[in-house]
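Trainee:
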Amino acid sequence: MLNDILDFVPEIPVAEWVETVTDTITDWFAFLFDPVKEHFGSFMEWSSEMLMQVPAVIIILIVAVLAFFLSGKKIGLAAFSIVGLWFIYNQGYWEHLMSTFTLVLIASLLSVIIGVPFGILMSKSKTAEAIITPILDFMQTMPAFVYLIPAVAFFGIGMVPGVFASLIFATPPTVRFTNLGIRQVSKELVEASDAFGSTGSQKLFKVELPMAKATIMAGINQTVMLSLSMVVIASMIGAPGLGREVLSSLQRAQVGTGFVAGVGIVILAIVIDRFTQTVNSKKD
Amino acid sequence: MPVIEAKGLSKIFGRNPKQTTKLLDEGLSKEEILKKTGNTVGVNRATFEVEEGEIFVIMGLSGSGKSTLVRLINRLIEPTEGSIMIDGEDLASMDKESLRKVRREKLSMVFQRFALFPHRTVLENAEFGLEIQNVAKEEREKKAKESLEMVGLGEYFHQKPGQLSGGMQQRVGLARALANDPEVLLMDEAFSALDPLIRKDMQDELIDLQSSMKKTIVFITHDLDEALRIGDRIALMKDGSIVQVGTPEDILVNPANDYVEKFVEDVDRSKVLVAQNIMKRPEYVNIDKHGPRVALERMREEGLSSILVIDSKRNLKGYVIAEDASEARKKEVRDLNNILRTDIERVSKDTPLNDIFNVIHDSPVPVAVVENEKLAGIIVRGAVLAALAGDGEVNLEDA
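Quick note, the sequences are listed as chains A and B, same order.
At position 161 of the first sequence (counting the first as 1) the number is 161 in this note's numbering, and the numbers step up by one without a gap.
Position in the second sequence counted from 1, then plus 1000, gives you this note's numbering.
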């Protein structure tokens, strides 16, 4: 057979290797993962509990007022927020909404905190860019379900592995856009800052980051949206929230509940998206 | 001691630049080196000095390496070879910390497209250089305001650069550079992006500022008119090499080679050349010693129809024409005073060609060039036309 040529090496046990590596990591880093699982998990639960304690009316009002001022005293976004959030409350999904919001907020914050420095590193070094770019491609194209498995191995089930999965999935845009934003700063401005004798950090904080702000914010907006889209997938490993409702409706073939929970996610997405965008386009 | 002193300063872009410099030694041209190695010669062995308080213009067409050269001066581009001394310190071999110090204290740069920070106000832009040096807020604001007022932007402190016109933006760029109180101002095609009228204003203002502040200025331009207007000395660049360094007159009048000649061909020479450049050694007679007979003799020898008359102190008295002289000789008149004509046009040594042209047009005899009433030379009509045409014999003996 012609295919014999291809069989000159027996099957490489990549799957076993990965498993061994994952097991080893789980064992070795248990001292790290366990406290994270415990403390970070309880912190997240506490945060969403706190949010749930606040009366829904107050949260809706705060969101509406913020929307009104952020969008330059226009009524549209505020009105949409009031109607949308009220609808979720009306459908009995308020607590799920709070869990989802906590998850998205914390996951995005972590993504940004991790992503921006890596983006800066990439923009400053060609080597770093050459190394990080394929990793980012890998993170974004690997089906999200695949890294749910080690997430569970490391952190058990619940919100923490959800955040972990979301980090992997949602951080790349922030890294990429930060890199892009800094590289796009006009050469003359960089020269000007050098010519006046800036140090590297003065250049970064006084010129490059302010100039790249709009691009970085666009990346952050993408990151927030992606971590919101992870909510449904993360519910498969026990992350609470609207995603879990979608999942259980799927398992029970309940079209109605599935649709309503889905609409809830869409409303949250629109509100968050408009918020992050208006912060970006706001003239300073 | 010169403020800036460049010696054999070279920049090669591409791989193995050090090896390419050997090809420069062998005298290969920029094109040959590009073909052979794929490397581009940015600057080829530039050697020049800039004296304190002068405006040194580096001029060349695009691609001649002038922008690279100015960036070698503050090491925004790393030189491949050579040294660049600022106040006797070699920038090329300096560590980063000292380089930063020199950039902060001695060199400021003004950019072609202004390079203002759009997220900062005009005042904050002007403060930038001082802010980087961690100067206290109050002090740097005061200095920035002073330099903005100096360039006439006293009322725009809190605008963003984007709200200003091009000319005003470049004033901000200039103010930003001046706020540091640097010794040397590097201006990279600073006025090239401005429209012609504003450009002229800015040139005049720069000359004014220069005469009051006595900064040393290195000015890059591709515009010969601009170079001639503001430059004390001009360095002409071609293919990365400096082809000629000299005063504006040197360059116009004695172009070092065909390239320079071609470059200056289009210049309106009437604005640049002055009487001194085209005058000739005058033929004259001395009124205290000579009579009509000598005058006539001289005119015959030189083939002239008239001759200038001076006294023993070389003061110009006027002229006599051949007809009058021969009549006087017949009548045995001895004194030139009887036939002296005084309606001669006088210009001084530094009268521009432009003005001479108007004078000589109406004058029957050559125009006299005088300095403190003393005769210095004459200008004949033909010399003016020849100079305007660009091929006249021109002298610089007294320059």
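The beta-carbon is built from N, C-alpha and C at its ideal position, and this holds for glycine as well.
1) Look at the alpha carbon of residue 1151(B) and the alpha carbon of residue 1205(B), and state the distance between them as a whole number of angstroms.
2) For residue 1241(B) and residue 113(A), I'd like the C-alpha separation in whole angstroms.
3) If you draw a straight line from the C-alpha of residue 1364(B) to the C-alpha of residue 1312(B), how long is it?
4) According to DSSP, what are the bridge partners of residue 1005(B)?
5) Does any residue of chain B bring its CB to less than 7 angstroms from the CB of residue 238(A)?
6) Can you tell me whether residue 1005(B) is buried or exposed, with buried defined as 16 or more other CB within 10 angstroms of its CB?
7) Under the assumption that residue 1252(B) contacts residue 1264(B) (Cβ atoms under 8 angstroms), give the Cβ distance between them as a whole number of angstroms.
8) Going along chain E, which residues have a C-beta under 8 angstroms from residue 211(A)?
9) Once the 5 residues before and after residue 1259(B) are set aside, which same chain residues still bring their CB inside 7 angstroms of it?
10) Buried or exposed: where does residue 1213(B) fall if 16 or more other Cβ atoms within 10 Å of its Cβ makes it buried?
11) Smallest Cα separation from residue 1301(B): which of 1355(B), 1322(B) and 1032(B)?
12) Nearer than 6 angstroms: is that true of the beta carbon of residue 1328(B) relative to any heavy atom of the ligand HEM?
13) With burial defined as no fewer than 16 other Cβ atoms inside 10 Å of the residue's Cβ, what is the status of residue 1163(B): buried or exposed?
14) Taking 7 angstroms as the limit between beta carbons, can you name the residues of its chain near residue 22(A), skipping five residues before and five after?
15) In three-state terms, what does DSSP make of residue 1259(B)?
16) Using a Cβ-Cβ distance under 7 angstroms, would residue 1027(B) count as near chain A?
17) Less than 7 angstroms between the C-beta atoms of residue 144(A) and residue 233(A), yes or no?
18) With a Cβ-Cβ cutoff of 7 angstroms, do residue 64(A) and residue 81(A) count as a contact?
19) Tell me the residue span of the beta strand (DSSP E) that contains residue 1188(B).
20) Suppose contacts are defined by Cβ-Cβ distances below 7 angstroms. Is residue 1188(B) in contact with residue 1112(B) by that definition?
21) Please name the residues in the segment 1063-1086 of chain B whose beta-carbon is closer than 7 angstroms to at least one beta-carbon of chain A, in chain order.
22) Give the straight-line distance between the Cα atoms of residue 1078(B) and residue 1011(B), rounded to the nearest whole angstrom.
23) At a cut of 8 angstroms, does the segment 1061-1073 of chain B reach the segment 1184-1200 of chain B through at least three beta carbon pairs?
24) Can you tell me where the beta strand (DSSP E) holding residue 1156(B) begins and where it ends?
25) When the Cα of residue 1269(B) is compared with those of 1314(B), 1304(B), 1228(B) and 1281(B), which residue comes out closest?
26) Let me know the secondary structure DSSP gives residue 126(A) once reduced to three states.
27) I'd like the span of the beta strand (DSSP E) that includes residue 1233(B), first residue to last.
28) Residue 1217(B) CB to nearest chain A CB: under 7 angstroms?
29) Once the 5 residues before and after residue 1118(B) are set aside, which same chain residues still bring their CB inside 8 angstroms of it?
30) Give me the Cα-Cα distance between residue 262(A) and residue 243(A), rounded to the nearest whole angstrom.
31) Going by other Cβ atoms of all chains shown within 10 Å of its Cβ, with 16 needed for buried, is residue 130(A) buried or exposed?
32) Tell me which same chain residues have a C-beta within less than 7 angstroms of the C-beta of residue 1124(B), skipping the five on either side of it?
33) Determine the DSSP secondary structure at residue 1384(B), reduced to helix, strand or coil.
34) Could you tell me which of 58(A), 173(A), 135(A) and 50(A) sits nearest to residue 321(A), measuring between CA atoms?
35) Less than 7 angstroms between the C-beta atoms of residue 1378(B) and residue 1282(B), yes or no?
36) So, is residue 1100(B) buried or exposed, given that buried needs 16 or more other C-beta atoms within 10 angstroms?
Mentor: According to the structure data:
1) 8 angstroms
2) 50 angstroms
3) 26 angstroms
4) 1049(B) and 1085(B)
5) no
6) Around the CB of residue 1005(B), 16 or more other CB atoms lie within 10 Å, so the residue is classed as buried.
7) 5 angstroms
8) Checking the listed chains, one finds no chain E in this structure; the protein chains it contains are A and B.
9) 1238 and 1243
10) exposed
11) 1322(B)
12) With respect to the ligand HEM, the structure offers nothing, as it holds no ligand at all.
13) Answer is exposed; the Cβ neighbour count stays below 16.
14) These residues qualify, in order along the chain: 150 and 153.
15) Annotated three-state conformation of residue 1259(B) is helix, per DSSP.
16) no
17) yes
18) yes
19) 1184-1188
20) yes
21) 1074 and 1076
22) Rounded to the nearest angstrom, the two C-alpha atoms are 8 angstroms apart.
23) yes
24) For residue 1156(B), there is no enclosing beta strand (DSSP E), as DSSP gives it neither H nor E.
25) 1228(B)
26) helix
27) Run containing residue 1233(B): 1233-1238, per the beta strand (DSSP E) assignment.
28) Residue 1217(B) does not count as touching chain A.
29) The answer, listed in chain order, is 1160, 1161 and 1162.
30) 8 angstroms
31) exposed
32) none
33) helix
34) Residue 321(A) lies beyond the residue range present for chain A, which begins at 1 and ends at 284; the question has no answer from this structure.
35) yes
36) Buried is the call here.
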